[in-house]
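Scroll down for the structure; my scribbles are underneath it.
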Amino acid sequence: MSKIYLASSALANEKYDGLRTVEEALSHMFDGVQLFLDARYQDLNYRDRIVSTLTSSYLGVVIHLPDLPSEKDLEVAEYLHQKIKNTLFIIHYLPLTETPALPGVKVGWENSS
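In this text, residue positions in the sequence shown follow this note's numbering: the first is 3, and each later residue adds one.
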């Protein structure tokens with residue numbers, strides 16, 4: 003059965019806010035969310051609010067890594083992977099041509115121009 007996820011890019015007018023994306027996905031009965039891993043996730047309070055909201059919901063989760071993830075981004079991604087069951091990760095194929103190494107995590111490619 004097909005599933006429909008709400009991407010944080012749909013909330014561009016709200017600066018791609020992951021928390022708002024989750025709220026909107028829940029209120030409109032989406033199956034999951036695709037959240038862009040921006041600098042806000044480095045704030046532990048923000049990150050834990052995301053984790054708490056998602057772990058108490060039915061939503062599936064895809065985390066979209068930045069094109070050139072920093073070590074801090076990868077630490078946050080690993081944290082999210084540990085806290086949220088069945089989290090998937092994607093990254094643009096260009097400019098990165100090798101998937102980031104995250105223990106136990108498979109990172110999928112997404113096209114880019």
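We put the CB at the ideal spot given by N, CA and C, even for glycine.
V64 - DSSP class collapsed to helix/strand/coil
Residue mapping note: residue 64 aligns to position 62 of the sequence shown, counting from 1. For V64, the three-state secondary structure derived from DSSP is strand.
According to DSSP, is V35 helix, strand or coil?
Looking up residue 35 in the sequence shown gives position 33. The DSSP-derived three-state label of V35 is strand.
Quick check on S10: buried or exposed, where buried means 16 or more other Cβ atoms within 10 Å of its Cβ?
Numbered from its first residue, the sequence shown carries residue 10 at position 8. By the neighbour-count rule (16 or more Cβ atoms within 10 Å), S10 is buried.
Contact set for I86: own chain, Cβ-Cβ below 7 Å, skip 5 residues either direction:
Reading the sequence shown from its first residue, position 84 is the one you call residue 86. V53, L56, T57, V63.
Between Q84 and the rest of its own chain, which residues show a CB-CB distance below 7 Å, the 5 nearest in sequence each way excluded?
Against the sequence shown, residue 84 aligns to sequence position 82. Within the same chain, Q84 has no close Cβ partners at all.
Among all the DSSP beta bridges, which residues are the ones paired with Y7?
Along the sequence shown, one-based indexing puts residue 7 at 5. G34.
Is D19 near L28, with beta carbons less than 8 Å apart?
Position 17 of the sequence shown, counting from 1, holds the residue named residue 19. Position 26 of the sequence shown, counting from 1, holds the residue named residue 28. Cβ atoms of D19 and L28: not closer than 8 Å.
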